[in-house]
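J.: Going by our numbering, the first residue of the sequence shown is number 488, and it counts up by one from there. Glycine included, every Cβ here is placed at the ideal spot set by N, Cα and C. Computed from a predicted structure; not experimentally measured. Before we start, here is the structure in question, set down as structure tokens.
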Amino acid sequence: MTDRRVILYGYRESPFYRKAQVLLAHYGVPYDTVKTAMMPPRPMLSDELGITYRRIPVLALDGELYIDTSAIARKLEETFGAGRDASLLTVHAELQRRLVLHWSDNVLFGLAASLISAKAVTPEFIKDRQSFNNGRPTIGRADPVQVHASLAASLHSLDAALAQSSTGWTMGTRTPQYVDLGIYFILDYVQTGQRSAPDLLPLPGKSGASPPLFPNVLKWLDAARQHLKQRTAALPAPRELNPTDAARHITATGARAAEAAGRAQQAVSRDDPLVKAGRLAFGDDVLVAPTDAGKVPQKGTLCALSPTGISILVEAGPNSGRKHVLTHFPRTNFGVVRTADVPPPSSKL
Numbered sequence: 488m489t490d491r492r493v494i495l496y497g498y499r500e501s502p503f504y505r506k507a508q509v510l511l512a513h514y515g516v517p518y519d520t521v522k523t524a525m526m527p528p529r530p531m532l533s534d535e536l537g538i539t540y541r542r543i544p545v546l547a548l549d550g551e552l553y554i555d556t557s558a559i560a561r562k563l564e565e566t567f568g569a570g571r572d573a574s575l576l577t578v579h580a581e582l583q584r585r586l587v588l589h590w591s592d593n594v595l596f597g598l599a600a601s602l603i604s605a606k607a608v609t610p611e612f613i614k615d616r617q618s619f620n621n622g623r624p625t626i627g628r629a630d631p632v633q634v635h636a637s638l639a640a641s642l643h644s645l646d647a648a649l650a651q652s653s654t655g656w657t658m659g660t661r662t663p664q665y666v667d668l669g670i671y672f673i674l675d676y677v678q679t680g681q682r683s684a685p686d687l688l689p690l691p692g693k694s695g696a697s698p699p700l701f702p703n704v705l706k707w708l709d710a711a712r713q714h715l716k717q718r719t720a721a722l723p724a725p726r727e728l729n730p731t732d733a734a735r736h737i738t739a740t741g742a743r744a745a746e747a748a749g750r751a752q753q754a755v756s757r758d759d760p761l762v763k764a765g766r767l768a769f770g771d772d773v774l775v776a777p778t779d780a781g782k783v784p785q786k787g788t789l790c791a792l793s794p795t796g797i798s799i800l801v802e803a804g805p806n807s808g809r810k811h812v813l814t815h816f817p818r819t820n821f822g823v824v825r826t827a828d829v830p831p832p833s834s835k836l
């Protein structure tokens, strides 16, 4: 348990919102929630906190915002895991981070998204996701047989890795690691949320193929599920907060950190290639955006830059007195540019 105040923004249908919940449960961290819509606009973020970045979840910890689950995972491990029994990175930390980022968050999530049926969502959601994916239609367009074949290939790899583990966890550790929970969240979504591949991942308690195609994966999923069930049972149920109250708490709590960040010029690494090239400097007005999908930029003032992260000061909305919020992004899969270097949109006559 902890006295640190955590507020999680998102909606329950989001697999990555579920990933954040999984990590919070493992670390034993109670949290409150602010519910968002499945699609923009999300005034609880944009109007209250100045966050125009469109992906979910967003996590607030002690008045600072963390964007993207890779940044959320890094901060939760640093705050609640490192050096403790709850650590998820006791072995091969960077390898685990890369496995989750490039395999689970990218490949496996992409396969899960391809399994969404057009009949299960609204036309508005389909249109929104087309915009999210850089204008490329995705929902209802994939060949389900090809998607199942690709999913089976990944499950084969995971099953083989688990077969080589003496403990039932991917890294051969006594307790689950980040790569376990970072893969679990998306396979559990496919297995029990979508129920879109019952031949590969039958529901718990169901027989599916006989014998099961991936017995080690199914056993591992059950073990992770029980682990999280026990951790969740020890926590109070999350409270749903009023967005304005949440934003005021965040800006008030994080005021000191935001003020300090506005003076800490050394936090922008002089060795960073963008700094060396003269493209960025401490205090620049910048835009930060994902480089893969959902490329809606977030404006702010650059206050930290390192190989693992980008930090900016974002001006919150009028309900919070337009105070600044220290906001953190991961470095991988995110780009940062000086606002003045972005060409204006061309006009067509």
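Tell me, please, whether the region 703 to 715 touches the region 644 to 662 by the rule of three or more beta-carbon pairs shorter than 8 Å.
T.: Yes, they touch.
J.: Three or more C-beta pairs under 8 Å: does that hold for the region 551 to 564 against the region 815 to 823?
T.: Touching, per the Cβ criterion.
J.: Where does the unbroken beta strand (DSSP E) through residue 496 begin, and where does it stop?
T.: In the sequence shown, counting from the first residue as 1, residue 496 sits at position 9. Here the beta strand (DSSP E) through residue 496 covers 493 to 497.
J.: Where do the N-terminal and C-terminal ends of the alpha helix (DSSP H) with residue 717 fall, by residue?
T.: As a working mapping, residue 717 is identified with position 230 in the sequence shown. Counting along the chain, the alpha helix (DSSP H) containing residue 717 begins and ends at 702 to 720.
J.: What's the C-alpha gap between residue 659 and residue 653?
T.: By one-based count along the sequence shown, residue 659 stands at place 172. By one-based count along the sequence shown, residue 653 stands at place 166. Looking at the two C-alpha atoms, the distance is approximately 6 Å.
J.: If you compare alpha carbons, which of 667, 616, 609 is closest to residue 703?
T.: As a working note, residue 703 is residue 216 in the sequence shown. With distances taken between Cα atoms, residue 703 lies closest to 667.
J.: Is the separation between the beta-carbon of residue 852 and that of residue 756 shorter than 8 Å?
T.: Because the chain here runs from 488 to 836, residue 852 falls outside it and cannot be looked at.
J.: Go to residue 737, then tell me how far its alpha helix (DSSP H) extends in each direction, as first and last residue.
T.: What you label residue 737 is simply residue 250 of the sequence shown in a count that begins at 1. Residues 730 to 740.
J.: Please confirm if the region 591 to 607 is in contact with the region 625 to 637, defined as three or more CB-CB distances below 8 Å between the two stretches.
T.: At 8 Å Cβ cutoff, the stretches touch.
J.: Quick check on residue 619: does DSSP put it in helix, strand or coil?
T.: Within the sequence shown, the letter at position 132 stands for residue 619. DSSP places residue 619 in helix when its eight states are reduced to three.
J.: Of all Cβ atoms in chain D, is any one closer than 8 Å to the Cβ of residue 720?
T.: Chain labels in this structure do not include chain D; a single protein chain is all it has.
J.: Closest to residue 545 by C-alpha separation, out of 537, 556, 535, would be which residue?
T.: To locate residue 545, count along the sequence shown from 1; it is residue 58. Looking at the Cα atoms, 556 is the closest of the given residues.
J.: With a CB to CB cut of under 6 Å and the five nearest residues on each side skipped, what residues in its chain are close to residue 596?
T.: Position 109 of the sequence shown, counting from 1, holds the residue named residue 596. Excluding residues within five positions, the ones whose Cβ falls inside 6 Å are 673.
J.: What is the C-beta distance between residue 775 and residue 552, in whole angstroms, given that I count them as a contact (C-beta under 8 Å)?
T.: Within the sequence shown, residue 775 is the residue found at index 288, counting from 1. Within the sequence shown, residue 552 is the residue found at index 65, counting from 1. Contact flag wrong, Cβ pair sits at about 12 Å.
J.: Using 8 Å as the threshold, is the region 491 to 501 in touch with the region 532 to 549, meaning 3 or more CB pairs across them?
T.: Yes, the region 491 to 501 touches the region 532 to 549.
J.: With distance defined between alpha-carbon atoms, name the residue in 761, 517, 532 nearest to residue 524.
T.: Translated into the one-based positions of the sequence shown, residue 524 becomes position 37. The shortest C-alpha separation from residue 524 is found at 532.
J.: Just to confirm before moving on: does the CB-CB distance between residue 568 and residue 722 stay below 8 Å?
T.: The residue given as residue 568 occupies position 81 in the sequence shown. The residue given as residue 722 occupies position 235 in the sequence shown. For residue 568 and residue 722, no; Cβs fall outside 8 Å.
J.: With a cut-off of 8 Å, do at least 3 Cβ pairs link the region 779 to 798 to the region 730 to 744?
T.: No: the two stretches stay apart, fewer than three of their Cβ pairs being nearer than 8 Å.
J.: Please check the pair residue 451 and residue 548, which I expect to be a contact at CB under 8 Å, by giving their CB distance rounded to whole angstroms.
T.: This structure cannot settle anything about residue 451, because the visible part of the chain is limited to 488 through 836.
J.: Less than 8 Å separating the beta-carbons of residue 671 and residue 711?
T.: One-based indexing of the sequence shown puts residue 671 at position 184. One-based indexing of the sequence shown puts residue 711 at position 224. Closer than 8 Å, so yes.
J.: Cα separation between residue 538 and residue 700?
T.: Locating residue 538 in the sequence shown gives position 51, where the first residue counts as 1. Locating residue 700 in the sequence shown gives position 213, where the first residue counts as 1. Each residue's Cα considered, the two are about 44 Å apart.
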